[in-house]
Amino acid sequence: MFFKAKFSKYYYIKIKNSTAPLYWLLLHGFMGTHKEFLNVATQLPGTIIIPDLLGHGQSDVNNDTKYFSIEQQADDLVALSKQITTQRVNIWGYSMGGRLALALALRYPEIVNHLYLESSTAGIKSPAARQARITNDHNLALRLQTATSLTDFVDFWENLPLFHSQKDLSFETQAFVRNQRLQQSGIGLAKSLCGMGTGKMPNYWNQLPFLQSTTTLFAGELDTKFSNITRDMQLLIPNSKRVVIPGVGHNVHLENPNAILTTILQRKYL
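Using UniProt numbering, count along the sequence shown one by one with no gaps and you end on 270.
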């Protein structure tokens with residue numbers, strides 16, 4: 001299905017697993033699509049909404065970069081959510097999708113039931129470090145825009161230390177993830193990096209003490225960087241808890257879906 005927001009068009013799927021009056025919005029990571037969450041979406045109670053974020057999958061890839069900002073996409077996804085339900089929504093975001101989920105929860109606390117942030121961050125505190133990240137993302141974007149094929153970039157991406165633990169996954173799972181990455185648009189990915197990369201994201205650290213949503217932060221034990229980031233975030237977010245999943249890296253729901261689902265399904269929603 002497609003949703004026409006103010007400036008952009010989003011592709012999304014809606015899965016109704018049960019008649020439970022629960023709604024979920026699942027937000028994928030960079031180079032992912034709605035398919036990234038299919039391994040867990042069918043296990044959640046109620047109705048699940050999974051969009052392709054801008055620059056990814058079947059959503060718009062050619063819009064002006066300003067419409068790719070994290071704030072604009074948060075506004076767009078709230079409009080999508082309100083088109084489907086007037087109820088509060090559980091929001092689960094992974095990595096880039098987690099940054100977007102945090103922005104949405106800070107901008108629209110009234111629509112969020114529970115917030116799940118998987119391997120995510122609240123931004124970059126140092127202005128100098130933020131500018132360095134913007135420069136790096138622009139260089140990656142240029143590489144994507146000028147590539148005749150995504151194969152070289154995907155090879156580079158898959159060999160980042162952040163994703164090393166994914167090499168232990170089954171051949172079928174690795175092939176699924178790689179194929180999803182190879183089917184992306186280089187221009188779309190470039191605009192995503194320039195519009196909502198970590199450097200372009202506002203520094204939300206000072207706003208964390210005012211986050212109204214009950215929040216669960218997930219990190220993989222082998223992902224030292226985001227284990228530390230989520231630890232620091234949890235200290236600032238009221239009514240929050242942090243769960244570190246043993247033996248996995250950055251993409252927890254891919255590497256051990258049962259562990260993350262067990263934690264989520266233990267919550268009392270009604």
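We put the beta carbon where it would ideally sit given N, CA and C, even for glycine.
In whole angstroms, give me the CA-to-CA distance for residue i and residue j.
| i | j | result |
| --- | --- | --- |
| Q184 | S192 | 12 Å |
| S59 | Y11 | 5 Å |
| L270 | V112 | Low local confidence applies: a pLDDT of 31 at L270 is under 50, so the model's placement there is unreliable, and no value is given. |
| residue 295 | P257 | Because the chain spans 1 through 270 in this model, residue 295 falls outside it and cannot be assessed. |
| I50 | L77 | 10 Å |
| F105 | N179 | The sequence given here has Ala at residue 105, not Phe. Each residue's alpha carbon lies about 31 Å from the other. |
| L254 | I70 | 24 Å |
| R133 | N139 | 10 Å |
| L265 | V248 | 20 Å |
Per DSSP, what kind of secondary structure is residue i in: helix, strand or coil?
| i | result |
| --- | --- |
| V177 | helix |
| S227 | helix |
| F68 | helix |
| N256 | coil |
| T85 | coil |
| A141 | helix |
| N90 | strand |
| I124 | coil |
| L22 | coil |
| S213 | coil |
| E110 | helix |
| residue 277 | Residue 277 is absent from the structure shown; the chain starts at 1 and stops at 270. |
Closest by CA to residue i, which one among the options?
| i | options | result |
| --- | --- | --- |
| F68 | N228, K241, C194, L261 | C194 |
| I220 | R231, Q212, T214 | Note that residue 220 is Gly in the sequence shown, not Ile. The residue with the shortest Cα to Cα distance from G220 is R231. |
| L261 | E118, S240, I70, S81 | E118 |
| Q72 | A5, N159, H250, R178 | A5 |
| L222 | H250, P209, F210 | H250 |
| K82 | T198, W92, W24 | W24 |
Go ahead and label residue i buried or exposed: buried means 16 or more other beta carbons lie within 10 angstroms of its beta carbon, across all protein chains shown.
| i | result |
| --- | --- |
| F171 | exposed |
| E110 | exposed |
| residue 304 | Nothing about residue 304 can be read from this structure; the chain reaches only from 1 to 270. |
| M1 | exposed |
| N90 | buried |
Using a threshold of 8 Å, is the CB atom of residue i nearer than that to any non-hydrogen atom of the ligand FAD?
| i | result |
| --- | --- |
| V244 | The model on display carries no ligand, and the ligand FAD is accordingly not part of it. |
**Message:** Any contact between the segment 197-216 and the segment 120-139? By contact I mean 3 or more CB pairs, one from each, below 8 Å.
**Reply:** yes
**Request:** Would you check if the segment 22-38 and the segment 93-106 touch, i.e. whether three or more CB-CB distances between them fall below 8 Å?
**Result:** yes
**Request:** Tell me, please, whether the segment 208-220 touches the segment 229-247 by the rule of three or more beta-carbon pairs shorter than 8 Å.
**Result:** yes
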